[in-house]
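I have placed the structure first, in the form of structure tokens, so that the comments after it can refer back to it.
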Amino acid sequence: MRILFSLWLMAAAPGALAALNIFACEPEWGSLAKELGAGKVTVYTAATALQDVHRIEARPSLIARARSADLMVCTGAELEVGWLPLVQSQSGNAAIRSGQPGYFEAADVVELIEKPARLDRSLGDIHAAGNPHIHLHPRNIAEVAAALGSRMAQLDPKEARHYRESTKDFLDRWRQATMRWEKEGAPLKGVAVVVHHRDLAYLVAWLGMREVGALEPKPGLPPSSAHLAELVGRLKQTPAKLVVRSAYNDPKPSAWLAERAGIPAVMLPYTVGGNDKAKDLFGLYDDTLARLLAVPR
Amino acid sequence: MFRSMGFAMAFAAAAAPAYAQTTDEYQQLQQRVERLEAQTKARGQSAFNPDISLILQGTAATIKQDPETYQITGFAPSGGEIGPPRRGFSLSESEFVLSGNIDPYFAGKLVAALTPEDEIEVEEAFFTTLALGRGLTLKGGRFLSGIGYQNEIHQHAWDFQDTALAYKAFLGGRLNDDGVQLRWVAPTDFLLELGTEVGRGRTFPATDPNKNGAGAWSLFGRVGGDFAGSAWRAGLSYLRVSPREREFADEDSLAGETTQSFTGRSQLWIADFVAKWANFKLQAEYFRRRESGDLAYDDSDGSAVFGPLSDRYKSTQSGWYAQAVYRFLPQWRAGYRYDRLDHGSVANGIVDNGLGPTAADFPLLMTDHNPTRNTVMVDWSPTEFSRLRLQFASDKSRSNVTDNQLVLQYILSLGAHGAHTF
């Protein structure tokens, strides 16, 4: 019993110092929560950039961290459908259930693209609400930041001013960076690209690039040799300038296609922590653009 | 494609004012957010309908020994559906799952199995609380018990076609009682979870007593966390029941029919451990059971040599299994499992007093046999919703007999997305 009690004390201690205990489902929201919390929050991130977010399990540490979270920041749009409901129910934490102020869904405050016209699993792993990989469009980040900042203020009224100020500060810096990125990224407009999964759709849309094919035959299915061969044939008609994949994707299919089609294969960090340069959201965008711009056009 | 292009144009139009202005951007965004939030109100919870899913399963099997004669020699029959699948083609249970939130305080779930014998079985039908908070969750109804590791996992999510020998011998396959469960998760950075259950004692090792109060109770505790790129969980569970006239049939040394029944106390301990790396899963559980009470023996309907007898009975038996599953390609996994049961010590007063039947008249209980089994499997899961599995087992559950079992299995689920249980 004494051991139990001391465990309790140990666990309660760090929570007592910070005002808000935040559980972020994905690294991009963990990074954003740190920016907006600016020292007044502790952030735990469930997934790393090298994990496929579709495949995460309700592992013990997630249940433990969700237990004492004040705010859960997730993407929504069914991206976490496989594990989040389990974590929410098994943690026994009533504050972070869907619909409570302690549960924040980023997809609720942005416009999703690629909403399927038909909901049918024979079309692959599609999400009814639309494409959930929203964080690679700077406007989405700004919208989520505004909403998340006010949610944090709502949950922790004593520090409301602090959250509002740091949100405003973040949005100022973000707007300036966005203008810079849009200027730098202008040459990418119209560039034809092959993607691995549809997780880069917002990036492609933002930069005005043209997606001419995907390595996955259907969303969520691993690239098959038949599909890749067909894709090589298709690229002869509509050539692409590069093939991109996210850090967590298997590098082999894009390397294979790059060799056959004679175009460079580019790895993008996809989210914060995807490589050394993507230390925060700014680094993520800087490095993503630098990698795309390094390709000869 | 036209959608994303449409979006790109819409953004190009929207981007200019959104980023050109420097002053009221925050307020503008706020308004936009409020507008979008209002739009999305109707989403979620499938517009009040519960989540529905259906799981279709079937097997094609080649079994050397007749599955009808399956027994685990040296262990009292558990009465569960524990044998290998039927020979040839056969349908397995089709599971029908309905779940959803009831109100702000309760959620509910029903798992009904349509058996190939055209019956409907209620596997689970329970409520859980949503609003207790403080790490507490109360569950009530019929549910898979939280003891052990694999007990709570539905059959369609198992890594092998069947369960471990220890589960078959000590729990009749699994424990799903009618009762209540209380769980508490500690506010720690690693997982510390405690739980207790009180139930009727509907199935083996209990005997569905017709009495007021509880016929079974259990306790379990778990710890878990992340370590060097892996996730792990370890647990300890205790189950206590008081079977009354738990009866089974056997044959004496003259091949005459006998009935035996146990009345007393049965206690089961389970230690479990699971660890997962990116593509690798290791799982092991150890079971230890102590039973003490009275054993009744009756050969009146068979050889009629001794008639009804009764004496003290005490046994300590154990078993364990360990299994490893490796995902060697995105859609392919291979696994190996080793099972072993230890007959342990069985003190049977009827035999020990030397006046009546001998150990040879109790082939099921008294044969000093330590069953073992080796199982290998390969499965292919094109998506999360479908799986085909080929499994081979060399099963020495029966004394002096090896049963070779080759099973091809399909598991398909449609409807709501399944849960990625650890």
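These protein sequence lines are chains A and B, in that order. The opening position of the first sequence corresponds to residue 7 in the numbering used here, with each subsequent residue numbered one higher. The opening position of the second sequence corresponds to residue 11 in the numbering used here, with each subsequent residue numbered one higher. By construction, the Cβ of each residue, glycine as well, lies at the ideal position given by its N, Cα and C atoms.
| field | Residues that DSSP places opposite residue 358/B in a beta bridge | value | As a position in the second sequence, residue 358/B is number 348, starting the count at 1. Residue 358/B pairs with 323/B.
| task | Measure the C-alpha to C-alpha separation of residue 219/B and residue 179/B and round it to an integer number of angstroms. | result | Taking the first residue of the second sequence as position 1, residue 219/B is located at position 209. Taking the first residue of the second sequence as position 1, residue 179/B is located at position 169. Rounded to the nearest angstrom, the gap between the Cα atoms of residue 219/B and residue 179/B is 21 angstroms.
| task | Just the C-alpha distance for residue 327/B and residue 86/B, rounded to the nearest angstrom, thanks. | result | As a position in the second sequence, residue 327/B is number 317, starting the count at 1. As a position in the second sequence, residue 86/B is number 76, starting the count at 1. If I take the Cα positions, the gap works out to 11 angstroms.
| Considering only residues of the region 44-78 of chain A, which uninterrupted beta strand (DSSP E) runs meet the minimum length of 3 residues and lie entirely inside it, listed in chain order? | List check, beta strand (DSSP E) in window: 47-51.
| task | In the DSSP assignment, find the beta strand (DSSP E) that holds residue 178/A and state where it starts and stops. | result | Residue mapping note: residue 178/A aligns to position 172 of the first sequence, counting from 1. Per DSSP, residue 178/A belongs to no beta strand (DSSP E); it is in the alpha helix (DSSP H), 166-190.
| said: Against chain A, does residue 106/B count as a neighbour if the rule is that its beta carbon must be under 7 angstroms from one of theirs? | reply: Residue 106/B sits at position 96 when you count from the first residue of the second sequence. Not an interface residue.
| request: Could you tell me whether the Cβ of residue 63/A comes closer than 7 angstroms to any Cβ of chain B? | output: Your numbering for residue 63/A matches position 57 in the first sequence. The Cβ of residue 63/A sits closer than 7 angstroms to at least one Cβ of chain B.
| request: Indicate the three-state DSSP secondary structure (helix, strand or coil) for residue 141/A in the structure shown. | output: The sequence position of residue 141/A within the first sequence is 135, counting from 1. It is helical.
| task | Please list, in chain order, all residues of the same chain as residue 240/B whose beta carbon is under 7 angstroms from its beta carbon, the five residues on each side excluded. | result | Here residue 240/B refers to the residue found at position 230 when the second sequence is read from its first residue. Closer than 7 angstroms at Cβ, skipping near neighbours: 285, 286, 287.
| said: Taking beta-carbon pairs under 7 angstroms, can you tell me which members of the region 160-184 of chain B lie near chain A? | reply: Considering only beta carbons, no part of the region 160-184 of chain B lies closer than 7 angstroms to chain A.
| query | Smallest Cα separation from residue 245/B: which of 237/B, 260/B, 281/B? | reply | The sequence position of residue 245/B within the second sequence is 235, counting from 1. It is 281/B whose Cα lies nearest to the Cα of residue 245/B.
| query | With which residues is residue 9/B paired in a DSSP beta bridge? | reply | The structure shown has nothing for residue 9/B, since chain B only spans 11 to 432.
| task | For residue 353/B, name the three-state secondary structure that DSSP assigns. | result | Taking the first residue of the second sequence as position 1, residue 353/B is located at position 343. In the structure shown, residue 353/B sits in a strand (DSSP, three-state: E or B).
| task | Quick one: measure Cβ to Cβ for residue 103/B and residue 160/B, integer angstroms, because I've assumed they're closer than 8 angstroms. | result | The residue given as residue 103/B occupies position 93 in the second sequence. The residue given as residue 160/B occupies position 150 in the second sequence. In fact, because the Cβ distance is near 17 angstroms, the residues do not count as touching under 8 angstroms.
| Any Cβ of chain A within less than 7 angstroms of the Cβ of residue 340/B? | Indexing the second sequence from 1 puts residue 340/B at position 330. A Cβ of chain A is located within less than 7 angstroms of the beta carbon of residue 340/B.
| Cα-Cα, which of 145/A, 302/A, 155/A is closest to residue 182/A? | Within the first sequence, residue 182/A is the residue found at index 176, counting from 1. Comparing Cα positions, the closest option is 145/A.
| field | Terminal residues of the alpha helix (DSSP H) in which residue 415/B lies | value | Your numbering for residue 415/B matches position 405 in the second sequence. Premise fails: residue 415/B lies in the beta strand (DSSP E), 413-425, not in any alpha helix (DSSP H).
| Considering only the beta carbon of each residue, do residue 262/B and residue 309/B sit closer than 7 angstroms? | Counting from one through the second sequence, the residue named residue 262/B turns up at place 252. Counting from one through the second sequence, the residue named residue 309/B turns up at place 299. In this structure, residue 309/B lies closer than 7 angstroms to residue 262/B by Cβ.
| query | Using a C-beta cutoff of 7 angstroms, does residue 388/B count as contacting chain A? | reply | For the purposes of this step, residue 388/B is taken as residue 378 along the second sequence, with counting starting at 1. No - not a single Cβ of chain A is within 7 angstroms of the one on residue 388/B.
| DSSP three-state assignment for residue 294/A, whether helix, strand or coil | Position 288 of the first sequence holds residue 294/A. Residue 294/A: helix per DSSP, three-state reduction.
| said: Any contact between the region 91-111 of chain B and the region 63-78 of chain B? By contact I mean 3 or more CB pairs, one from each, below 8 angstroms. | reply: Taking a contact to require three or more Cβ pairs closer than 8 angstroms, the region 91-111 of chain B and the region 63-78 of chain B qualify as touching.
| Using the C-alpha atoms, what's the distance from residue 202/B back to residue 273/B? | Position 263 of the second sequence, counted from the first residue, corresponds to residue 273/B. Position 192 of the second sequence, counted from the first residue, corresponds to residue 202/B. Roughly 36 angstroms separates the two Cα atoms.
| Buried/exposed call for residue 127/B, threshold 16 Cβ in 10 Å | In the second sequence, residue 127/B corresponds to position 117, counting from 1. In summary, residue 127/B is exposed, with fewer than 16 beta-carbon neighbours lying within 10 Å of its beta-carbon over all protein chains present.
| request: Would you tell me roughly how many angstroms separate the C-alpha atoms of residue 60/B and residue 140/B, rounded to the nearest one? | output: Counting from 1 along the second sequence, the entry for residue 60/B is found at position 50. Counting from 1 along the second sequence, the entry for residue 140/B is found at position 130. The straight-line gap separating the alpha-carbon atoms of residue 60/B and residue 140/B is approximately 16 angstroms.
| query | Which chain A residues sit within Cβ distance under 9 angstroms of residue 281/B? | reply | Along the second sequence, read from residue 1 onward, the residue named residue 281/B stands at position 271. Taking a Cβ-Cβ threshold of 9 angstroms, none of the residues of chain A is close to residue 281/B; the smallest such distance is about 16 angstroms.
| request: Check each residue of the region 32-52 of chain A: if its Cβ is closer than 7 angstroms to any Cβ of chain B, include it; give the result in chain order. | output: So nothing in the stretch comes that close.
| query | Quick one: is residue 40/B near chain A, going by C-beta distance under 7 angstroms? | reply | Reading the second sequence from its first residue, position 30 is the one you call residue 40/B. Interface flag for residue 40/B against chain A is set, since a Cβ pair is found closer than 7 angstroms.
| request: Tell me whether residue 208/A sits in a helix, a strand or coil according to DSSP, three-state version. | output: Residue 208/A sits at position 202 when you count from the first residue of the first sequence. In the displayed model, residue 208/A falls within a helix according to three-state DSSP.
| task | Would you mind sorting residue 243/A into buried or exposed? The rule is 16 or more other CB atoms within 10 Å of its CB. | result | Looking up residue 243/A in the first sequence gives position 237. With fewer than 16 Cβ atoms within 10 Å of its Cβ, residue 243/A is classed as exposed.
| request: Name, in chain order, the residues that DSSP records as bridge partners for residue 201/B. | output: Position 191 of the second sequence, counted from the start, is the residue given in the question as residue 201/B. DSSP lists 234/B as the beta-bridge partner residues of residue 201/B.
| Contact set between residue 87/A and chain D, taken where Cβ atoms lie within less than 8 angstroms | No chain D appears in this structure, whose protein chains are A and B.
| task | Could you tell me which chain B residues have their CB closer than 8 angstroms to the CB of residue 174/A, listed as they occur along the chain? | result | Along the first sequence, one-based indexing puts residue 174/A at 168. Within 8 angstroms Cβ-Cβ: 36.
| message | By the three-class DSSP mapping on this structure, what secondary structure does residue 235/A have? | response | Here residue 235/A refers to the residue found at position 229 of the first sequence. Of the three classes helix, strand and coil, the one that applies to residue 235/A here is helix, per DSSP.
| Looking at the structure shown, is residue 26/A part of a helix, part of a strand, or coil, going by DSSP? | Taking the first residue of the first sequence as position 1, residue 26/A is located at position 20. Here residue 26/A sits in strand by DSSP.
| query | What did DSSP end up calling residue 386/B once you bin it into helix, strand or coil? | reply | Sequence index remark: in the second sequence, residue 386/B carries index 376 (1-based). Residue 386/B falls in the strand class under three-state DSSP.
| said: Can you confirm whether residue 143/B, when its beta carbon is compared against all beta carbons of chain A, has any partner nearer than 7 angstroms? | reply: Along the second sequence, read from residue 1 onward, the residue named residue 143/B stands at position 133. For residue 143/B, the closest Cβ of chain A is nearer than 7 angstroms.
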